[in-house]
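Written out below as structure tokens is the structure these notes cover.
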Amino acid sequence: MEYREFRAMNSDTVLAAEGAKVSVARGFDQAQALIASLEVRLTRFSDTSELSQLNRSGGSWFRASDELFDVTRLACDFVSETDGLFDPSILDALENVGYDKSMDDTLRGAHGVTRPALTTWKWDVRMISLDCERRAIRLPRGMRLDLGGIAKGWIAERVAHELARYSDACAVSAGGDMFMVGLPAGGTAWSVELEDPRDPARTLLILRVEPGAVATSSITKRRWLQGEQSRHHLIDPRSLQPAETDWLSVTVIAPHATTAEVFAKALLIAGSRQAERIAAQRRDLVFIAVDRAGQMWGSNNAKEFLDVAIEYA
Amino acid sequence: MKQLKKYLRAMIAAGSILGFASGWVLIAHAGKPAVTFAPPPIIAPAPSANLAPLLPLDNAPSSLQPLPALPQTRSMPRLRLRTGGS
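Quick note, the sequences are listed as chains V and F, same order.
Counting with our numbering, you get residues 41 to 353 for the letters of the first sequence.
Counting with our numbering, you get residues 3 to 88 for the letters of the second sequence.
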């Protein structure tokens, strides 16, 4: 297995692939270039990105690229699928708690930024108009979108399919949101370590997953101080404040990276009590949650994905 | 010739009247068709394949299971593919 690691989308990014060396190296170059071009298009941290242009176009139709249109449409669909626990229209709230620049820049700013409180209110994404034929989007005046996590998952999956053209089997991980195509030679699954959200140096368990997606959402990673208050990036769309949850992280295994990313976020916001209800509704989802004591909780089907070759405590 | 034309006109007029009257009588005495009424088929909405019925939260079975963790004394080379959020 060949690897290439670099920083992209404010995340540690890993490309892994098996195949002829020259072809894999070319695939890595193509994949890295594709990530760079998609990031430029979908980031909210650049005024010139296509997403920022869309966010400034409120009230009028915006002709979008296929990429921006597809991610926006997916994001709107997931709002109803998660009963509103995922919502891309919380950008004002996110900036209001201090996440108004990239996390790399936010963390470089020592104790973060204290901004005057802005008025934020709950948007209804059903007010977004999508014209599939013209690939056009109309946001209501004043609404702005953050496609951060879902775009990262979408890019990981798209890039993995690109890399698969140059390799026999491959994986793309963008900050732990990953998508795998094919299987390593002689293997029946991909091994993925699940990080301890209380101490990233520790590994809680090893997952064995088939081709598809794995994503984790955590409230311990992207944290900063706003004045004296500790903040994290996971906004609860119901309160428009950082989510108060009894879980530290949730990992989801799903066929698509966007599904894994969105439901990891929704389940983490939901916490143990409401996650039961989501689990009852979505029996196709596999998830593992880690609570504040480090105890892991899994959906009924989660045990099938533990590496049984390893002795657990 | 004139006589023949008059005769033909009279025959056509008489034939028309006779035909109309015969039809009237025939229809008036014919058996009435049975009235049948089939109600339109009721199309029931198909149940969604993916969604299980939503249970009231208090009665929901516990669908979460505690999972074991790796012993922290274990040493093994770290995998490149790690997930932990970003």
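Beta carbons are placed, not taken as given, at the ideal position from N, Cα and C, and that holds for glycine.
Everything numeric in this text was worked out from a predicted model, so none of it was measured.
Original post:
Should F:A32 be flagged as near chain V, meaning a C-beta pair shorter than 9 angstroms?
Top reply: Within the second sequence, residue 32 of chain F is the residue found at index 30, counting from 1. Chain V has no Cβ within less than 9 angstroms of the Cβ of F:A32.
Original post:
For V:K305, which of V:T291, V:R317, V:H296 has the nearest alpha-carbon?
Top reply: On the first sequence, position 265 is the one that residue 305 of chain V refers to. Across the set V:T291, V:R317, V:H296, the C-alpha of V:T291 shows the shortest separation from the C-alpha of V:K305.
Subject >> Residue environment, V:V111, which counts as buried when at least 16 other CB atoms sit within 10 Å >> reply: Here residue 111 of chain V refers to the residue found at position 71 when the first sequence is read from its first residue. A buried status is given to V:V111, since no fewer than 16 other beta-carbon atoms sit within 10 Å of its beta-carbon.
Original post:
How is the beta strand (DSSP E) around V:W337 delimited, first residue to last?
Top reply: In the first sequence, residue 337 of chain V corresponds to position 297, counting from 1. For V:W337, the enclosing beta strand (DSSP E) begins and ends at 336-339.
Subject >> Nearest to V:S279 (by Cα), restricted to the options V:C116, V:G98, V:W161 >> reply: To locate residue 279 of chain V, count along the first sequence from 1; it is residue 239. Comparing Cα-Cα distances from V:S279 to each of V:C116, V:G98, V:W161, the minimum goes to V:W161.
Original post:
With 9 angstroms set as the bound, which would you pick, yes or no: does the beta-carbon of V:T256 sit closer than that to a beta-carbon of chain F?
Top reply: Taking the first residue of the first sequence as position 1, residue 256 of chain V is located at position 216. Closer than 9 angstroms: yes.
Original post:
Should F:L53 be flagged as near chain V, meaning a C-beta pair shorter than 9 angstroms?
Top reply: As a working note, residue 53 of chain F is residue 51 in the second sequence. Legend: pLDDT at F:L53 = 36, less than 50; position of this residue unreliable, value from coordinates given subsequently. Yes, contact with chain V.
**OP:** Return the chain-ordered ranges of every beta strand (DSSP E) run that is complete within the region 194-244 of chain V and spans a minimum of 3 residues.
**Re:** The region 194-244 of chain V contains these whole beta strand (DSSP E) runs: 209-214, 217-221, 230-236.
**OP:** Can you give me the Cβ contacts of V:F327 inside the same chain, cut-off strictly under 8 angstroms, excluding the 5 residues immediately before and after it?
**Re:** As a working mapping, residue 327 of chain V is identified with position 287 in the first sequence. Here the set comprises V290, T291, V292, I293, F303, A304, L307, A315, A319, G338, S339, A342.
Subject >> Beta-bridge pairing of V:R37 - partner residues as DSSP gives them >> reply: Outside the shown range of chain V, which is 41 to 353, sits residue 37 of chain V, and nothing can be said about it.
**OP:** Return no unless some Cβ of chain F is closer than 9 angstroms to the Cβ of V:N95.
**Re:** Start at 1 with the first residue of the first sequence, and residue 95 of chain V comes out as number 55. No - not a single Cβ of chain F is within 9 angstroms of the one on V:N95.
Original post:
When DSSP labels each residue in this structure, what does V:A283 get in the three-state scheme?
Top reply: Here residue 283 of chain V is taken as the residue at index 243 of the first sequence, counted from 1. The answer is coil: DSSP assigns V:A283 none of H, G, I, E or B.
**OP:** Could you tell me how far apart the beta carbons of V:A241 and V:D217 are, in whole angstroms, since I believe they sit closer than 8 angstroms?
**Re:** As a working mapping, residue 241 of chain V is identified with position 201 in the first sequence. As a working mapping, residue 217 of chain V is identified with position 177 in the first sequence. Going by Cβ atoms, the distance from V:A241 to V:D217 rounds to 20 angstroms, so no, they are not a contact pair.
Original post:
Are the CB atoms of V:R174 and V:G98 nearer to each other than 9 angstroms?
Top reply: On the first sequence, residue 174 of chain V is found 134 positions in, with the first residue counted as 1. On the first sequence, residue 98 of chain V is found 58 positions in, with the first residue counted as 1. Cβ distance not < 9 angstroms, so V:R174 and V:G98 don't count as in contact.
Original post:
Which same chain residues, not among the five before or five after F:G86, have their C-beta less than 8 angstroms away from its C-beta?
Top reply: Taking the second sequence and counting its residues from 1, the one referred to as residue 86 of chain F is at position 84. Sequence-distant partners of F:G86 (beyond 5 residues in either direction) whose C-beta falls short of 8 angstroms from its own C-beta are missing from its chain.
Original post:
V:K261 and F:S88 look like a contact to me (Cβ under 8 angstroms); what is the Cβ gap, rounded to whole Å?
Top reply: Translated into the one-based positions of the first sequence, residue 261 of chain V becomes position 221. Translated into the one-based positions of the second sequence, residue 88 of chain F becomes position 86. V:K261 to F:S88, Cβ: 6 angstroms. Contact.
**OP:** Note down, in chain order, all residues in the region 209-221 of chain V with a beta-carbon under 9 angstroms from any beta-carbon belonging to chain F.
**Re:** From the region 209-221 of chain V, only A211, S213, A214, G215, G216, D217, M218, M220 have a Cβ closer than 9 angstroms to chain F.
Original post:
Going along chain F, which residues have a C-beta under 7 angstroms from V:A56?
Top reply: Here residue 56 of chain V refers to the residue found at position 16 when the first sequence is read from its first residue. Correct list: R82, L83.
Subject >> Inter-residue spacing [alpha-carbon to alpha-carbon] between V:G193 and V:G215 >> reply: What you label residue 193 of chain V is simply residue 153 of the first sequence in a count that begins at 1. What you label residue 215 of chain V is simply residue 175 of the first sequence in a count that begins at 1. Computed Cα separation, rounded: 10 angstroms.
**OP:** Pick helix, strand or coil for V:T298, following the three-state DSSP scheme.
**Re:** On the first sequence, position 258 is the one that residue 298 of chain V refers to. Correct three-state label for V:T298: helix.
**OP:** Please confirm whether V:L274 and V:D331 have their CB atoms less than 9 angstroms apart.
**Re:** The residue given as residue 274 of chain V occupies position 234 in the first sequence. The residue given as residue 331 of chain V occupies position 291 in the first sequence. It is not a contact, given that the beta carbons lie outside the stated cut-off.
**OP:** Can you pull the chain C residues whose beta carbon is under 9 angstroms from the beta carbon of V:S312, in chain order?
**Re:** Chain labels in this structure do not include chain C; the protein chains are V and F.
**OP:** Find out if the Cβ-Cβ distance for the pair V:P295, V:G252 is shorter than 9 angstroms.
**Re:** Along the first sequence, one-based indexing puts residue 295 of chain V at 255. Along the first sequence, one-based indexing puts residue 252 of chain V at 212. Taking 9 angstroms as the cut-off, the Cβ atoms of V:P295 and V:G252 count as close.
Subject >> Simplified DSSP state of F:I19, which is helix, strand or coil >> reply: Position 17 of the second sequence, counted from the first residue, corresponds to residue 19 of chain F. F:I19 falls in the helix class under three-state DSSP.
**OP:** Specify the secondary structure class of V:R248 as computed by DSSP and reduced to three states.
**Re:** Numbered from 1 along the first sequence, position 208 holds the residue referred to as residue 248 of chain V. Look at V:R248 here: in three-state DSSP terms it is strand.
Original post:
How would you write the range of the beta strand (DSSP E) that V:L346 sits in, first residue to last?
Top reply: Here residue 346 of chain V is taken as the residue at index 306 of the first sequence, counted from 1. For V:L346, there is no enclosing beta strand (DSSP E), as DSSP gives it neither H nor E.
Original post:
Between V:D209 and V:G189, is the Cβ-Cβ spacing less than 9 angstroms?
Top reply: Counted from its first residue, the first sequence places residue 209 of chain V at position 169. Counted from its first residue, the first sequence places residue 189 of chain V at position 149. The displayed chain sequence assigns Ala, not Asp, to residue 209 of chain V. V:A209 is not a Cβ neighbour of V:G189, given a cutoff of 9 angstroms.
Original post:
In the structure shown, what three-state DSSP assignment does V:S169 receive?
Top reply: Counted from its first residue, the first sequence places residue 169 of chain V at position 129. Under the three-state reduction of DSSP output, V:S169 falls in the strand class.
Original post:
Does DSSP put V:V137 in a helix, a strand or coil?
Top reply: Start at 1 with the first residue of the first sequence, and residue 137 of chain V comes out as number 97. Here V:V137 sits in coil by DSSP.
Original post:
From the DSSP output, which residues share a beta bridge with V:V54?
Top reply: On the first sequence, residue 54 of chain V is found 14 positions in, with the first residue counted as 1. Per DSSP, V:E45, V:S213.
Original post:
Taking C-beta to C-beta, are F:L66 and V:A310 nearer than 9 angstroms?
Top reply: Working through the second sequence from its first residue, we reach residue 66 of chain F at position 64. Working through the first sequence from its first residue, we reach residue 310 of chain V at position 270. When the beta-carbon positions are compared, F:L66 and V:A310 stay at least 9 angstroms from each other.
**OP:** Just grab the DSSP bridge partners of V:I328 for me.
**Re:** By one-based count along the first sequence, residue 328 of chain V stands at place 288. Paired residue(s): V:T291, V:G338.
Subject >> Contact set for V:S100: own chain, Cβ-Cβ below 8 angstroms, skip 5 residues either direction >> reply: As a position in the first sequence, residue 100 of chain V is number 60, starting the count at 1. Taking V:S100 as the centre and dropping the five residues before and after it, the same chain places the C-beta of R178 closer than 8 angstroms to its C-beta, in chain order.
Original post:
Under a Cβ-count criterion, where at least 16 other Cβ atoms within 10 Å of its own Cβ denotes burial, should V:T298 be classed as buried or exposed?
Top reply: Taking the first sequence and counting its residues from 1, the one referred to as residue 298 of chain V is at position 258. By the neighbour-count criterion, in which a residue is buried when 16 or more other Cβ atoms sit within 10 angstroms of its Cβ, V:T298 is buried.
Subject >> Proximal residues to V:Y139 (C-beta, below 6 angstroms), its chain only, five neighbours per side dropped >> reply: As a first step, residue 139 of chain V must be located in the first sequence, where it is residue number 99. Here V:Y139 has H273 as same chain residues with Cβ atoms under 6 angstroms from its own Cβ, once five neighbours each way along the sequence are excluded.
**OP:** Starting from V:S258, follow its DSSP beta bridges and name the residues at the other end.
**Re:** By 1-based counting over the first sequence, the position of residue 258 of chain V is 218. In the DSSP assignment, the residues bridged to V:S258 are V:S289.
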